[in-house]
Amino acid sequence: MRDTFAVFHSVIAAMTLPILQEVDEEMHDWVESSGEEEFVYSVFLRWMVTWFAHDVHDVGIVERLFDVFLSSHPLTPLYVSIAILTHPMNRQDILQSCSDMVDDEGPTIMRIQNLVSKLKQEDKTSIGAILTPQLLIEFAVGIM
(Lines of atoms letter the chains of each structure in order from A and count residues from 1; the text may use other names and numbers.)
(Lines give C-alpha, C1' and ligand atoms only; values in the text may rest on other atoms or scores of the structure.)
Protein backbone atom coordinates (compact mmCIF):
# COMPACT_ATOMS: atom_id res chain seq x y z
CA MET A 1 0.00 0.00 0.00
CA ARG A 2 1.23 3.50 -0.77
CA ASP A 3 1.71 6.24 1.81
CA THR A 4 -0.17 8.86 -0.21
CA PHE A 5 -2.84 9.16 -2.87
CA ALA A 6 -0.39 10.75 -5.33
CA VAL A 7 -0.64 7.90 -7.84
CA PHE A 8 -4.44 7.81 -7.62
CA HIS A 9 -4.50 11.60 -7.98
CA SER A 10 -2.36 11.29 -11.14
CA VAL A 11 -4.71 8.70 -12.61
CA ILE A 12 -7.73 10.94 -11.94
CA ALA A 13 -5.91 13.87 -13.52
CA ALA A 14 -5.04 11.82 -16.62
CA MET A 15 -8.59 10.56 -17.08
CA THR A 16 -10.73 13.54 -16.11
CA LEU A 17 -9.86 16.11 -18.77
CA PRO A 18 -10.30 13.83 -21.81
CA ILE A 19 -13.65 12.57 -20.52
CA LEU A 20 -14.73 16.09 -19.57
CA GLN A 21 -13.76 17.34 -23.03
CA GLU A 22 -15.99 14.70 -24.64
CA VAL A 23 -18.90 15.42 -22.29
CA ASP A 24 -18.79 19.23 -22.02
CA GLU A 25 -16.17 21.15 -23.93
CA GLU A 26 -17.06 24.50 -22.34
CA MET A 27 -16.65 23.09 -18.81
CA HIS A 28 -13.41 21.39 -19.91
CA ASP A 29 -12.06 24.70 -21.20
CA TRP A 30 -13.06 26.44 -17.97
CA VAL A 31 -11.32 23.81 -15.79
CA GLU A 32 -8.22 23.92 -17.96
CA SER A 33 -7.98 27.72 -18.20
CA SER A 34 -9.15 28.65 -14.70
CA GLY A 35 -6.15 27.28 -12.89
CA GLU A 36 -8.52 25.12 -10.84
CA GLU A 37 -7.47 21.78 -12.37
CA GLU A 38 -5.65 20.54 -9.28
CA PHE A 39 -8.52 21.56 -7.03
CA VAL A 40 -11.08 19.79 -9.23
CA TYR A 41 -8.91 16.66 -9.16
CA SER A 42 -8.65 16.89 -5.37
CA VAL A 43 -12.42 17.22 -5.00
CA PHE A 44 -12.96 14.29 -7.37
CA LEU A 45 -10.43 12.26 -5.38
CA ARG A 46 -12.28 13.02 -2.14
CA TRP A 47 -15.62 12.14 -3.70
CA MET A 48 -14.30 8.92 -5.21
CA VAL A 49 -12.41 7.69 -2.14
CA THR A 50 -15.40 8.22 0.14
CA TRP A 51 -18.02 7.41 -2.50
CA PHE A 52 -19.49 10.85 -1.72
CA ALA A 53 -20.37 9.85 1.85
CA HIS A 54 -18.19 12.63 3.29
CA ASP A 55 -20.19 15.37 1.58
CA VAL A 56 -23.69 13.87 1.33
CA HIS A 57 -25.47 14.05 4.66
CA ASP A 58 -28.63 12.15 3.70
CA VAL A 59 -28.17 8.45 4.51
CA GLY A 60 -30.74 7.42 1.90
CA ILE A 61 -28.78 9.18 -0.84
CA VAL A 62 -25.51 7.63 0.36
CA GLU A 63 -27.14 4.18 0.35
CA ARG A 64 -28.41 4.71 -3.19
CA LEU A 65 -24.98 5.80 -4.42
CA PHE A 66 -23.30 2.84 -2.67
CA ASP A 67 -25.77 0.45 -4.33
CA VAL A 68 -24.85 1.84 -7.74
CA PHE A 69 -21.10 1.80 -7.09
CA LEU A 70 -21.14 -1.77 -5.76
CA SER A 71 -23.08 -3.06 -8.74
CA SER A 72 -21.43 -1.18 -11.59
CA HIS A 73 -18.15 -0.46 -13.34
CA PRO A 74 -15.26 0.57 -11.04
CA LEU A 75 -15.02 3.96 -12.78
CA THR A 76 -18.65 4.84 -12.08
CA PRO A 77 -17.66 7.20 -9.21
CA LEU A 78 -15.49 9.15 -11.68
CA TYR A 79 -18.36 9.40 -14.14
CA VAL A 80 -20.72 10.48 -11.35
CA SER A 81 -18.17 13.15 -10.35
CA ILE A 82 -18.08 14.42 -13.93
CA ALA A 83 -21.88 14.24 -14.08
CA ILE A 84 -22.13 16.40 -10.96
CA LEU A 85 -19.88 19.00 -12.53
CA THR A 86 -21.59 18.99 -15.94
CA HIS A 87 -25.25 18.38 -15.10
CA PRO A 88 -27.29 21.32 -16.43
CA MET A 89 -28.55 22.11 -12.91
CA ASN A 90 -24.94 22.62 -11.76
CA ARG A 91 -22.84 23.64 -14.75
CA GLN A 92 -24.58 26.97 -15.32
CA ASP A 93 -24.09 27.86 -11.66
CA ILE A 94 -20.37 27.12 -11.89
CA LEU A 95 -19.81 28.95 -15.16
CA GLN A 96 -21.89 31.92 -13.97
CA SER A 97 -20.03 32.15 -10.67
CA CYS A 98 -16.76 32.17 -12.61
CA SER A 99 -17.85 35.20 -14.63
CA ASP A 100 -19.27 36.92 -11.51
CA MET A 101 -16.11 36.47 -9.44
CA VAL A 102 -14.62 39.76 -8.31
CA ASP A 103 -11.51 38.33 -6.69
CA ASP A 104 -9.60 35.08 -7.04
CA GLU A 105 -10.69 33.69 -3.67
CA GLY A 106 -12.83 30.60 -3.65
CA PRO A 107 -16.52 31.20 -4.46
CA THR A 108 -16.31 28.90 -7.46
CA ILE A 109 -14.13 26.44 -5.57
CA MET A 110 -16.64 26.29 -2.72
CA ARG A 111 -19.53 25.84 -5.16
CA ILE A 112 -17.83 22.86 -6.78
CA GLN A 113 -17.03 21.36 -3.42
CA ASN A 114 -20.63 21.73 -2.26
CA LEU A 115 -22.37 20.48 -5.42
CA VAL A 116 -23.19 17.07 -3.94
CA SER A 117 -25.00 18.73 -1.07
CA LYS A 118 -27.62 19.80 -3.66
CA LEU A 119 -28.71 16.19 -4.10
CA LYS A 120 -32.18 15.73 -2.67
CA GLN A 121 -34.48 12.78 -2.26
CA GLU A 122 -37.47 12.95 -4.54
CA ASP A 123 -40.75 13.33 -2.69
CA LYS A 124 -44.32 14.35 -3.40
CA THR A 125 -43.84 17.85 -1.97
CA SER A 126 -40.88 18.77 -4.18
CA ILE A 127 -41.68 21.79 -6.28
CA GLY A 128 -39.56 22.68 -9.29
CA ALA A 129 -36.45 21.02 -10.54
CA ILE A 130 -34.29 19.25 -8.00
CA LEU A 131 -31.26 17.09 -8.63
CA THR A 132 -32.09 13.64 -7.32
CA PRO A 133 -29.64 10.75 -7.04
CA GLN A 134 -31.58 8.93 -9.76
CA LEU A 135 -31.31 11.86 -12.20
CA LEU A 136 -27.59 12.12 -11.47
CA ILE A 137 -27.03 8.38 -11.93
CA GLU A 138 -28.96 8.39 -15.22
CA PHE A 139 -26.93 11.39 -16.41
CA ALA A 140 -23.67 9.63 -15.45
CA VAL A 141 -24.70 6.43 -17.24
CA GLY A 142 -25.51 8.54 -20.30
CA ILE A 143 -21.95 9.85 -20.48
CA MET A 144 -20.25 6.50 -19.89
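Going by my numbering, the first residue of the sequence shown is number 52, and it counts up by one from there. Using N, Cα and C, we set each Cβ at its ideal position, and we do this for glycine too. These figures come from a predicted structure and were not determined experimentally.
### Query
Considering only residues of the segment 119-151, which uninterrupted alpha helix (DSSP H) runs meet the minimum length of 4 residues and lie entirely inside it, listed in chain order?
127-137 and 139-151
### Query
In angstroms, rounded to a whole number, what distance separates the CA positions of Leu146 and Asp75?
12 Å
### Query
Relative to the alpha-carbon of His108, which residue among Thr137, Asn165, Arg142 and Leu121 has its alpha-carbon at the smallest distance?
When Thr137, Asn165, Arg142 and Leu121 are compared, the shortest CA-CA separation from His108 is found for Asn165.
### Own chain partners of Phe117 with C-beta closer than 7 Å, once the 5 adjacent residues on each side are dropped
Trp102
### Query
How many whole angstroms separate the CB atoms of Met78 and Leu170, which I take to be in contact at a CB cut-off of 8 Å?
Not a contact, Cβ separation roughly 19 Å.
### Nearest-angstrom beta carbon gap, Phe190 and His105 [assumed within contact, 8 Å]
About 21 Å; that fails the 8 Å criterion.
### Outcome for Ala57 when other beta-carbon atoms lying within 10 angstroms are tallied against a minimum of 16
exposed
### Query
Between the Cα of Met195 and the Cα atoms of Arg142, Gln185 and Tyr130, which residue gives the shortest distance?
Tyr130
### Message
I need the DSSP call for Gly111, collapsed to helix, strand or coil.
### Response
helix
### Query
Under the three-state reduction of DSSP, which class applies to Phe103: helix, strand or coil?
coil
### Per-residue DSSP class, three states only, for Leu68
helix
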